[in-house]
Amino acid sequence: EIQRLLDLGIVSKIHCWQIDRCGRDLRDIINFLHYTTAKKIPVHFISQGLTTLNENGEENPVAKMMISILGVVAEMERKLILERQKEGIAIAKLKGNVYFGRKPNTKEDPLRFLSKPRNKKAMELLKKGYKAREVSKIIGLSPNTVTKIKKLINVKV
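Heads up: the sequence shown runs through residues 1 to 157, numbered per the UniProt record's numbering.
Put into structure tokens, the structure is as follows:
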């Protein structure tokens, strides 16, 4: 989705909380950053205070070095988390606890979610300029559901 927005020229700058949010491993992160750099789109990492491109559109060498180092650290951290998760599941199985994980079909397709009657009504009100809390009270949806609808509408720009 982000790549489509970049290709359309809708996005001129990306603000990201942390480097590890750009990919699952170092390769994903570097590929993403190469792509944005080629498109002359700066990526700003808020928590690290790094930006990939200077004001004149040139690649920032210090940021490139720091991103590489922090990307490796993020990849190692992810591997450790997955390893600990597997260990925890194995221990739970040995103790007789049954591990199920996410139940099948619990993650609903966005189009199906938005096509529900109450959610359609919420979309209409949001497009008319109503605030999320107002929509929540009018329709009787939880504020979190209305916020989810609002985010899905904005992504579809």
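All C-beta atoms in this analysis are idealised placements derived from N, C-alpha and C, irrespective of residue type, glycine included.
{"Item": "Neighbour-count burial assignment, G71, 16 or more Cβ in a 10 Å radius", "Value": "buried"}
{"Item": "Span separating the alpha-carbon of N119 from that of L8", "Value": "28 Å"}
{"Item": "C-beta atoms of L53 and M66 nearer than 7 Å", "Value": "no"}
{"Item": "Reduced DSSP category for I139 - H, G, I as helix; E, B as strand; rest coil", "Value": "helix"}
{"Item": "Neighbourhood of I41 by C-beta, 7 Å cutoff - its chain only, sequence neighbours within 5 removed", "Value": "L6, V11, S12, K13 and I14"}
{"Item": "Nonlocal neighbours in the same chain, by C-beta distance under 6 Å from T147, ignoring five residues either side", "Value": "A132"}
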